[in-house]
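Numbering (numbering that gives the first Met the number 0), first residue to last: 0 to 99.
We put the beta carbon where it would ideally sit given N, CA and C, even for glycine.
Reading through the structure tokens given below for one structure.
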Amino acid sequence: MEPNSVVRAGTLALTRTPVPDDQSVSGSPSTAAAALDEFGGLEVGVWEMTSGVMTDVEADEVFVVLFGFATVEFGDGSPTISIGPGDVVRLVEGVETVWT
């Protein structure tokens with residue numbers, strides 16, 4: 000990103016790739032991502048997932064949901080969360096998750 004600029008995250012042309020077989024639980028989910036900038040040791044980007052169910056091992060991150068809805072189950076015993084537009088979510092590095 001250029002300094003003092005704007006990116007319309009909801010309109011970015013992202014290239015989707017199928018979720019690897021060892022992470023795909025049901026349906027045919029795919030994901031896409033774009034790194035937009037890096038500063039102060041933080042990466043800023045956009046990530047999306049299509050309908051389906053997949054497993055993941057999380058990075059240490061904070062994100063804002065722009066579109067859609069999901070549930071995230073945690074392998075560490077944390078309560079399942081339901082997320083949607085406008086929600087700000089904090090995930091901890093190394094936790095195993097199931098995304099629906």
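Residue i and residue j closer than 7 Å at C-beta
| i | j | result |
| --- | --- | --- |
| threonine 49 | serine 29 | yes |
| valine 71 | valine 87 | no |
| alanine 34 | leucine 13 | no |
| threonine 96 | phenylalanine 73 | yes |
Those residues which DSSP pairs with residue i across a bridge
| i | result |
| --- | --- |
| phenylalanine 73 | Thr96 |
| aspartate 36 | Val43 |
| aspartate 55 | Thr96 |
| glutamate 60 | Leu90 |
| alanine 31 | Glu47 |
| threonine 16 | Thr30 |
Backbone CA spacing between residue i and residue j [nearest angstrom]
| i | j | result |
| --- | --- | --- |
| valine 56 | phenylalanine 66 | 22 Å |
| valine 52 | aspartate 21 | 12 Å |
| serine 27 | isoleucine 80 | 22 Å |
| valine 94 | serine 25 | 20 Å |
Limits of the beta strand (DSSP E) - the one that residue i falls within
| i | result |
| --- | --- |
| threonine 49 | Threonine 49 -> no beta strand (DSSP E), and no H or E assigned at all. |
| serine 81 | 80-82 |
| serine 25 | 23-25 |
Same chain only: Cβ atoms within 8 Å of residue i, ignoring 5 sequence neighbours per side
| i | result |
| --- | --- |
| proline 19 | none |
| isoleucine 82 | Val64, Phe68, Ala69, Thr70, Val71 and Val88 |
Same chain only: Cβ atoms within 6 Å of residue i, ignoring 5 sequence neighbours per side
| i | result |
| --- | --- |
| aspartate 36 | Met0 and Val43 |
| leucine 90 | Glu57 and Glu60 |
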